[in-house]
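Before any comments, here is the structure.
2 protein chains.
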Amino acid sequence: VTSWTVRQFEEVSYQVRRTHLVLNPANDALARAARFAAGSRRLFIVDWQVDELHGGQLREYIHHFRVKGTVVPVRSGEPNKTTNTVLGIFDAIGSLKINRRDPITVIGGGVLTDVVGLAASLYRRGTPYVRVPTTLVGLIDAGVGIKTGMNYNGMKNLIGSYYAPTQVLLDPAFIRTLPERHIRNGLAESIKLGIILDRALFELIDANLREIIDSHLNSPVGDELIDRSVDGMLNELRRNLWERELRRLVDFGHTFSPRLELLSNGELLHGEAVAVDMALSCVLAGGRGLMPEDDVIRSIVLLARAGLPVAHRLCTPEQCSEALAETVRHRDGNQHCPLPTGIGRACFVEDLSGGEIASAVEQLTKYVESMEL
Amino acid sequence: VTSWTVRQFEEVSYQVRRTHLVLNPANDALARAARFAAGSRRLFIVDWQVDELHGGQLREYIHHFRVKGTVVPVRSGEPNKTTNTVLGIFDAIGSLKINRRDPITVIGGGVLTDVVGLAASLYRRGTPYVRVPTTLVGLIDAGVGIKTGMNYNGMKNLIGSYYAPTQVLLDPAFIRTLPERHIRNGLAESIKLGIILDRALFELIDANLREIIDSHLNSPVGDELIDRSVDGMLNELRRNLWERELRRLVDFGHTFSPRLELLSNGELLHGEAVAVDMALSCVLAGGRGLMPEDDVIRSIVLLARAGLPVAHRLCTPEQCSEALAETVRHRDGNQHCPLPTGIGRACFVEDLSGGEIASAVEQLTKYVESMEL
Numbered sequence: 001v002t003s004w005t006v007r008q009f010e011e012v013s014y015q016v017r018r019t020h021l022v023l024n025p026a027n028d029a030l031a032r033a034a035r036f037a038a039g040s041r042r043l044f045i046v047d048w049q050v051d052e053l054h055g056g057q058l059r060e061y062i063h064h065f066r067v068k069g070t071v072v073p074v075r076s077g078e079p080n081k082t083t084n085t086v087l088g089i090f091d092a093i094g095s096l097k098i099n100r101r102d103p104i105t106v107i108g109g110g111v112l113t114d115v116v117g118l119a120a121s122l123y124r125r126g127t128p129y130v131r132v133p134t135t136l137v138g139l140i141d142a143g144v145g146i147k148t149g150m151n152y153n154g155m156k157n158l159i160g161s162y163y164a165p166t167q168v169l170l171d172p173a174f175i176r177t178l179p180e181r182h183i184r185n186g187l188a189e190s191i192k193l194g195i196i197l198d199r200a201l202f203e204l205i206d207a208n209l210r211e212i213i214d215s216h217l218n219s220p221v222g223d224e225l226i227d228r229s230v231d232g233m234l235n236e237l238r239r240n241l242w243e244r245e246l247r248r249l250v251d252f253g254h255t256f257s258p259r260l261e262l263l264s265n266g267e268l269l270h271g272e273a274v275a276v277d278m279a280l281s282c283v284l285a286g287g288r289g290l291m292p293e294d295d296v297i298r299s300i301v302l303l304a305r306a307g308l309p310v311a312h313r314l315c316t317p318e319q320c321s322e323a324l325a326e327t328v329r330h331r332d333g334n335q336h337c338p339l340p341t342g343i344g345r346a347c348f349v350e351d352l353s354g355g356e357i358a359s360a361v362e363q364l365t366k367y368v369e370s371m372e373l
Numbered sequence: 374v375t376s377w378t379v380r381q382f383e384e385v386s387y388q389v390r391r392t393h394l395v396l397n398p399a400n401d402a403l404a405r406a407a408r409f410a411a412g413s414r415r416l417f418i419v420d421w422q423v424d425e426l427h428g429g430q431l432r433e434y435i436h437h438f439r440v441k442g443t444v445v446p447v448r449s450g451e452p453n454k455t456t457n458t459v460l461g462i463f464d465a466i467g468s469l470k471i472n473r474r475d476p477i478t479v480i481g482g483g484v485l486t487d488v489v490g491l492a493a494s495l496y497r498r499g500t501p502y503v504r505v506p507t508t509l510v511g512l513i514d515a516g517v518g519i520k521t522g523m524n525y526n527g528m529k530n531l532i533g534s535y536y537a538p539t540q541v542l543l544d545p546a547f548i549r550t551l552p553e554r555h556i557r558n559g560l561a562e563s564i565k566l567g568i569i570l571d572r573a574l575f576e577l578i579d580a581n582l583r584e585i586i587d588s589h590l591n592s593p594v595g596d597e598l599i600d601r602s603v604d605g606m607l608n609e610l611r612r613n614l615w616e617r618e619l620r621r622l623v624d625f626g627h628t629f630s631p632r633l634e635l636l637s638n639g640e641l642l643h644g645e646a647v648a649v650d651m652a653l654s655c656v657l658a659g660g661r662g663l664m665p666e667d668d669v670i671r672s673i674v675l676l677a678r679a680g681l682p683v684a685h686r687l688c689t690p691e692q693c694s695e696a697l698a699e700t701v702r703h704r705d706g707n708q709h710c711p712l713p714t715g716i717g718r719a720c721f722v723e724d725l726s727g728g729e730i731a732s733a734v735e736q737l738t739k740y741v742e743s744m745e746l
């Protein structure tokens, strides 16, 4: 037997920047990130709603820097997170004949940045790209890591890659034009980080909820919320970019929710399904004596005050058990279920039983009724 | 402006082993590579022709280790290097409900290992896989690196990823059942390595060509050829696994050939198109005084003796110039064209002109006529 061992390290490096008014020509952050050069071609893949709202500004920005920009509006949203959308993005990149190292730019929500990231990771085995998230979920969650993905065969993000953008530009101004429901949707991920690892973030949201929502995060408290969330998120992600470690605190709220979100067939937004999962997980933690009941109730109440669902007709014991079984397959045969041990800290459990889940679903219903949520 | 920098290193590590009779139950290399455990499920994606020839042996092997193996035969060959084949592999993996870290095994030629590698890299953002190349190109070239790919929109390997197998098992016994044309096809890649970086490998082939072909590489000289080729290949690949450096010696013969291969619409095998490209590149090198004329002729003669084409009706000045333009787009706007400076060494040129290519095509025709090849 002759054998050879190949062992190498790939460096992955990217920058996440919070900036202000990214489409104002006075701000050259995007021009630098996308390496604008007068006369060069650049591709911009833009959520079609973002294009309606900000497309004029984007074209002026491109024109200002004398770049030959092609803006391709794409329908996004969960139902469009498909193979066909990815192939369409290949075609858009292909029709431009750009050089291998010229970055493309994606401006949109988490679904669009996920699918464009996937297409970019594959086109010529990797085309650099710049992410400009326009939703709150994008700003604090989907937009800042290196995961890309699309749904396949009824499974959320079954197909995807780890592929870092060259830069991520976070501009809270996009949140201004976001429907309130999507703000609440994004808040679910911030509340998640608060419950699981940052009590101060939880308190910040708890104390300023009205102002955060009313200002659409365009306020000093909004900036603080974004910065604390991105901080918490990146601290978790950076030591586990490729998810070699499958015990991930940031998976809190993501044990039962993938199936729930998919079964709801678009009725539940990602953060809404996560909120139901978090409420159930807090009750599970309470039932085990891991989380004090006061904290369980405070968490459920904050989710409800944020306008998020904390129970759902699809969240039955049967569906939750099936959801857990699916999640276990993604976690190498283990539950690795993060449960809070109080607000701001957590542990992992490996032995949730169907009976325990059924009791928790029942208990959650009782809480919801008694709270008159 | 608040900003965060994420910088991490991903370790990539895999083993390439030359082994003997990999489907003989007495050899547990595959069982260990695919982490066989009695009663566990494993997926085997197998070229349908390999399945016809060796499928019985494979099933006995699986049975011997008491694994619940599912063998999926797949039609391969360049025309099947498509999106649909990749989606079919997703479906095959999906129907098995295997755990995230259970490896799948691909047994087949370079095209199949490329598309299964692509599918594996994407399924759950990475499913481990074991490669068992069954063609000579697979054994010494496509099979030993980390590139995966599929064709798209008439472009070879336009879509792909870098994704290391967990292990590669090289078994020359598969070559025994290979049609002679495919042996010649694989030899092109060995001759390439000989011309560009290993004079001793060139001499080995030159001195033992008949025996190498007649024994289908199942001989001590065949083993030596494989070991020297894999050695040379891995030494080039290992310091540039992700092709950050676009000046790659192993791209010799791959400047004009991708277009040629695609235009020939299946008439030319990969190594055959590479042979035409190498012959032309040697003439280009000779024309510049980089390569002594004796070496140019010796190289062309060896290719021809190996039964490889050294000229082709599609290899016109126009098509070669267009091919170069396409290659330049893959090399970040540069030609980075490897040209030999003698047998066993090479340099890169950046300034090939259309006129120079036209002269070389003409000169190559003259050589071919005078050699009565």
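Those protein sequence lines, which keep their order, are chains C and H. For the first sequence, this note's numbering assigns the number 373 to the last residue and increments by one with no breaks. For the second sequence, this note's numbering assigns the number 746 to the last residue and increments by one with no breaks. All residues carry an ideal CB built from backbone N, CA and C; glycine is no exception. Only a predicted model underlies this, so the values are computations on that prediction, with no experimental measurement involved.
Kindly indicate the opening and closing residues of the alpha helix (DSSP H) around residue i.
| i | result |
| --- | --- |
| H/M651 | H643 to G660 |
| C/I357 | G354 to M371 |
| H/G595 | P593 to R611 |
| C/G110 | G110 to L122 |
| H/S630 | S630 to L636 |
Checking contacts by CB at 7 angstroms: is residue i closer than that to chain H?
| i | result |
| --- | --- |
| C/F9 | yes |
| C/V12 | yes |
| C/D251 | no |
| C/R41 | no |
| C/G333 | yes |
| C/V6 | yes |
| C/R238 | yes |
| C/W242 | yes |
| C/T2 | yes |
For residue i, which residues in chain C fall below 9 angstroms Cβ to Cβ?
| i | result |
| --- | --- |
| H/D571 | Within chain C, no residue comes near H/D571; the closest Cβ sits about 15 angstroms away, beyond 9 angstroms. |
Taking Cβ-Cβ distances shorter than 8 angstroms, what residues in chain C pair up with residue i?
| i | result |
| --- | --- |
| H/G717 | Residues of chain C passing the Cβ test: none, with the nearest at roughly 21 angstroms. |
| H/H703 | R100 and R124 |
Can residue i be considered in contact with the ligand SAH, in the sense that its beta carbon sits closer than 6 angstroms to one or more heavy atoms?
| i | result |
| --- | --- |
| C/A120 | The model depicted lacks the ligand SAH and carries no ligand whatsoever. |
Looking at the unbroken beta strand (DSSP E) that takes in residue i, where does it start and where does it end?
| i | result |
| --- | --- |
| H/S386 | T375 to R391 |
| H/V623 | That residue, H/V623, is in no beta strand (DSSP E); it is neither H nor E in DSSP. |
Establish whether the CB of residue i and some CB of chain C are separated by less than 7 angstroms.
| i | result |
| --- | --- |
| H/T539 | no |
| H/N472 | yes |
| H/G559 | no |
| H/I585 | no |
What residues of chain H sit near residue i, judged by a beta carbon separation below 8 angstroms?
| i | result |
| --- | --- |
| C/N151 | Residues of chain H passing the Cβ test: none, with the nearest at roughly 12 angstroms. |
| C/L158 | F463, G467, Y496 and R497 |
Just the chain C side, please: which residues come within less than 7 angstroms of residue i by C-beta, in chain order?
| i | result |
| --- | --- |
| H/Y535 | R125 |
Contiguous alpha helix (DSSP H) assignments of at least 4 residues, all confined to the stretch 299 to 351 of chain C: Unbroken alpha helix (DSSP H) stretches of 4 residues or longer found wholly inside the stretch 299 to 351 of chain C: 317 to 330, given in chain order.
Positions along the stretch 218 to 236 of chain C whose CB lies within less than 9 angstroms of some CB in chain H: Under the 9 angstroms Cβ criterion, the stretch 218 to 236 of chain C contributes D223, I226, D227, V230, D231 and L234.
Secondary structure, beta strand (DSSP E): runs of 3+ residues fully inside the stretch 399 to 466 of chain H: 414 to 420 and 441 to 447
Sequence ranges, alpha helix (DSSP H) only - wholly within the stretch 497 to 573 of chain H, length at least 4: 553 to 570
Chain-ordered residues of the stretch 127 to 146 of chain C with a beta carbon less than 9 angstroms from chain H: V144, G145 and I146
Contacting positions in the stretch 65 to 92 of chain C - beta carbon closer than 8 angstroms to chain H: T83, L87, F90 and D91
Residues, ordered as in the chain, of the stretch 384 to 407 of chain H that lie near chain C by beta-carbon distance below 9 angstroms: E384, V385, S386, Y387, Q388, V389, R390, R391, T392, H393 and A402
Positions along the stretch 678 to 698 of chain H whose CB lies within less than 7 angstroms of some CB in chain C: For the stretch 678 to 698 of chain H, which is checked against every Cβ of chain C, not one residue is closer than 7 angstroms.
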